[in-house]
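Have a look at the structure below before the remarks.
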Amino acid sequence: MSFKVWSELIIALRNQLKPYGNCGHLLNFLESKKKHLEDIVKRTALMSESTSVLILGSVGSGKSTVLESALGNVFQNHLVRENMLYVALDGLVHTTDDLALEDITNQLKQELEGMSLESFSEKLRFILEALKSGTKESKSVLFVLDNFEFFCSHKNQNLLYNLFDIAQLQQTPICIIGMCSRPDLLQVLENRVNSRFSHQKVLLFENLTLNEYINCAKEFLSLDKFRDKKFQKQWNADIDSLLKETAVKTVLENLYHCSQSLRDLKQLLYLVTMNIEESYPRLIIKDFEEAYEHFSSADSKSALLRGLSNLETILIIAMMHVTEKYDNEPFNFEIVFCELEKFLLNKLKCQIEKSVIMKSFEHLLDLEIIKSCSDSSTNGLKRYMFVKFSITPSEVREVVKNRTLPAAIKQWAESSLYG
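Position 66 (the sequence shown) corresponds to 66 in UniProt numbering; numbering is contiguous.
Written out as structure tokens, the structure reads:
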């Protein structure tokens, strides 16, 4: 193999395995979501229907990719281009409503100079009157709010309230699309904002099956538009065969049960591809096994688990048993509490207040030892919110082995299921 072909291979894989963006090769998994977004935008541009929608998905799941692809298709229509204005905002950039309003004004090509509008309320009134004074025949406006969750921290959520209010009035045609990685977003919206949101959601990779997860790995590793077509064909055939190997599927299944995040999958595959050599440009089973061993035994994760309190440690044992009992299905606080309470009463002959255990549960959520399922935003209370365990039983047992704990707790951790 020439150095030139090897370099092209490495560059292609590095681009495809970046944690952010570069999800174009996953669009075939997202075709129905893309079509749905295209339809929403077209209805605003061509039929003057106002609406709002949230695109929810973990980091690296393709939120920006699917939206950009949908908008690229929609704006090829000359009627859409002529009838729709486009405003893009980012919660990481527009950290206050003032900054957001100034950028909205600039992007809509309306000038505030000479109008002595100093206060936020005056600027807001000017923008809103310009939008609200429109009619069904006015040009429609598309607002895209990336990192939507950060707009929720603005004072009184005034910007969100007023944008959603315009959409609900159905006067000036307006479409608001928010992108967010927080599955519980609706819980942080104020009631007045929530009541004006249309409650349309586009969920990306919310319930991936193991086979779909493995197919995503295949897409991440497969080559496309490679100059050497013969090498591309051979490489893709090798990847297809490799991902059918039992040992490789076991590695991917272990990661799948810990985290269905495509970003984590990319990080693992990045480690898998690190040792590709010019003299042997192929992947083997050992590459996957060594990458997973490194990935799952990262120092930061070990330190995190070592830093848990005794109550948090007992709680993750209960979560481990619940996860094993229900075959890796999502669970909530109430289910775990029942499992833990049985053990405390029967083996330790003690009780711990439910509110105290809830605090530990919330801390594990903050540490991402448990992670919210994608559509947990439908649940009003955290104790009913469904979560998934992000560490393996072997990691739990390793933590317990290295802790000074009562013998009953250690025995509980080692048992397959508590009866």
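Glycine included, each C-beta is placed from N, C-alpha and C at the ideal position.
Among L208, M47, L223, which has the Cα closest to the Cα of A12?
Comparing Cα-Cα distances from A12 to each of L208, M47, L223, the minimum goes to L223.
Need the endpoints of the alpha helix (DSSP H) that F220 sits in, please.
Run containing F220: 210 to 221, per the alpha helix (DSSP H) assignment.
Inspect the CB distances between the region 257 to 269 and the region 28 to 40 and report whether three or more fall short of 8 Å.
no
Nearest CA to the CA of I369: which residue from T392, D228, S415?
T392
Relative to the C-alpha of H94, which residue among E212, L160, K229 is closest?
L160
Go to D264, then tell me how far its alpha helix (DSSP H) extends in each direction, as first and last residue.
Counting along the chain, the alpha helix (DSSP H) containing D264 begins and ends at 262 to 272.
Unbroken beta strand (DSSP E) runs of length 3 or more, entirely within the region 286 to 372: which are they?
Segments of the beta strand (DSSP E) lying fully in the region 286 to 372: 370 to 372.
DSSP three-state assignment for E253, whether helix, strand or coil:
helix
Count Cβ pairs between the region 320 to 338 and the region 260 to 278 that sit closer than 8 Å; are there 3 or more?
no
Going by beta-carbon coordinates alone, are F226 and Q232 separated by less than 7 Å?
yes
Could you give the distance in angstroms between the alpha-carbon of E277 and the alpha-carbon of R14?
14 Å
Distance CB(S309)-CB(I174) smaller than 7 Å
no
For Q277, does the three-state DSSP call read helix, strand or coil?
Position check: residue 277 holds Glu in this sequence, whereas Gln was assumed. Looking at E277 - three-state DSSP - the assignment turns out to be strand.
For Y86 and S61, what's the separation of their Cα atoms in angstroms?
24 Å
Please return the same chain residues whose Cβ sits closer than 7 Å to the Cβ of D90, not counting the five positions on each side in sequence.
D146, N147
Are three or more beta carbon pairs between the region 41 to 58 and the region 200 to 214 nearer than 8 Å?
yes
Tell me which same chain residues have a C-beta within less than 7 Å of the C-beta of W6, skipping the five on either side of it?
E278, P281
Can you tell me which of K359, I317, F295, D366 puts its alpha carbon nearest to the alpha carbon of L344?
I317
When you compare each of K63, A217, K354, H78 to E334 by their alpha carbons, which one comes out closest?
K354
Do D165 and I372 have their beta-carbon atoms positioned less than 7 Å apart in this structure?
The residue you asked about is not Ile; residue 372 is Ser in the sequence shown. No; because the gap between Cβ atoms is not below 7 Å, this pair is not in contact.
Integer-rounded CB distance, given that K218 should sit under 8 Å from D240
That belief holds up - the Cβ atoms of D240 and K218 are roughly 7 Å apart, short of 8 Å.
Just to check my reading of the structure: N214 and I314 have Cβ atoms closer than 8 Å, yes? What is that Cβ distance to the nearest angstrom?
It should be pointed out that residue 214 corresponds to Ile in this sequence rather than to Asn. 34 Å between Cβ atoms; not a contact.
DSSP on T172, reduced to helix/strand/coil?
coil
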